[in-house]
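Novice: Dropping the structure in here first, questions after.
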Amino acid sequence: MVRPPLSSSHSFFLLFCLITICVKYSREPDNPTKSCKARGSDLRVHFKNTRETAHAIRKLPLAKAKRYLEDVLAHKQAIPFTRFCGGVGRTAQAKNRHSNGQGRWPVKSASFILDLLKNAESNAEVKGLDVDSLFISHIQVNQAQKQRRRTYRAHGRINLYDLFGQPTCLPPAILS
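All letters in the sequence shown, in the order written, are residues 31 to 206 by the numbering used here.
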């Protein structure tokens with residue numbers, strides 16, 4: 031079966047679809063040859079905790095950021111909460127990080143971002159970059175689509191199990 035050649039409008043539409051699908055990062059690095067990227071998608075972790083964790087390690091060297099997140103996992107250092115801080119308790123560990131004292135130890139968010147940094151580090155090694163001189167030039171957390179759970183009722187009905195859904199997020203990171 032021979033297909034007819036595509037017209038210019040069809041080829042433009044296909045090119046437009048490919049361009050919009052391939053866009054994954056909100057920001058491209060200034061020098062792509064001296065930087066590496068890593069990205070997570072639809073991670074089952076709270077958006078607000080992950081946003082505060084990412085904000086705490088922004089502009090840090092890679093080794094220092096990894097050590098800081100490992101200390102958060104061990105409850106030796108706290109993540110300061112600055113934006114989403116309603117009902118967050120105060121701790122002296124958060125005051126050490128130039129905060130108003132509100133802080134927590136988001137273990138799941140810290141472990142997910144630590145895995146993301148390890149992935150970016152291995153991408154840098156594959157690219158041949160010096161891992162010791164890398165720092166986090168850009169990291170952000172976007173909200174993903176909420177995953178809905180459902181419960182099965184009598185007579186074949188299905189209802190939502192929870193009103194708000196399971197939180198997920200999309201954290202991309204760029205190391206330079």
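Built from N, CA and C at the ideal position, the CB exists for glycine as well.
Predicted model only: the values in this text are computed from it and were never measured.
1) Pick from S56, K67 and N61: whose alpha carbon is nearest that of S152?
2) Please check the pair D192 and R179, which I expect to be a contact at CB under 8 Å, by giving their CB distance rounded to whole angstroms.
3) Between K176 and P197, how many whole angstroms is the CB-CB distance? I'm expecting something under 8 Å.
4) Do you know whose CA, among V156, Q107, N189 and L146, lies nearest L73's CA?
5) For Q170, which of Q107, R81 and D160 has the nearest alpha-carbon?
6) At the level of alpha carbons, what is the spacing between S141 and I188?
7) Which residue spans inside the stretch 111-164 form an unbroken alpha helix (DSSP H) run of at least 4?
8) Going by C-alpha distance, which of G116, I143 and A95 is nearest F165?
9) With DSSP collapsed to three states, give me the class of N61.
10) Can you tell which of S206, L159, D162 and F77 has its C-alpha closest to the C-alpha of C115?
11) Residues in its own chain within less than 8 Å of V137 by CB, not counting five upstream and five downstream?
12) Under the three-state reduction of DSSP, which class applies to Y98: helix, strand or coil?
13) Of the choices R69, Q132, I87 and P62, whose alpha-carbon is the least far from that of Y55?
14) Could you check what DSSP says for T181 in three-state terms: helix, strand or coil?
15) Just tell me which of E58, R57, D60 and K64 has its CA closest to the CA of S163.
16) What's the gap between the Cα of N126 and the Cα of I109?
Specialist: According to the structure data:
1) Closest by C-alpha distance to S152, out of S56, K67 and N61, is K67.
2) At roughly 6 Å, the Cβ-Cβ gap stays under 8 Å, so D192 and R179 are in contact.
3) Indeed, because the Cβ distance is near 7 Å, the residues count as touching under 8 Å.
4) With distances taken between CA atoms, L73 lies nearest to L146 out of V156, Q107, N189 and L146.
5) Among Q107, R81 and D160, the Cα nearest to that of Q170 is on R81.
6) S141 and I188 have their alpha carbons spaced roughly 35 Å apart.
7) Correct list: 122-125 and 137-157.
8) Here the closest residue by C-alpha is A95.
9) N61 falls in the coil class under three-state DSSP.
10) Here the closest residue by C-alpha is F77.
11) Listed in chain order, the non-local C-beta contacts of V137 below 8 Å within the same chain comprise V102 and L103, local neighbours out to five positions each way being set aside.
12) Three-state DSSP puts Y98 in a helix.
13) When each option's Cα is compared against that of Y55, the closest is R69.
14) Of the three classes helix, strand and coil, the one that applies to T181 here is strand, per DSSP.
15) Measuring from the Cα of S163, the nearest candidate turns out to be K64.
16) Across the structure, N126 and I109 are spaced so that their CA atoms are roughly 10 Å apart.
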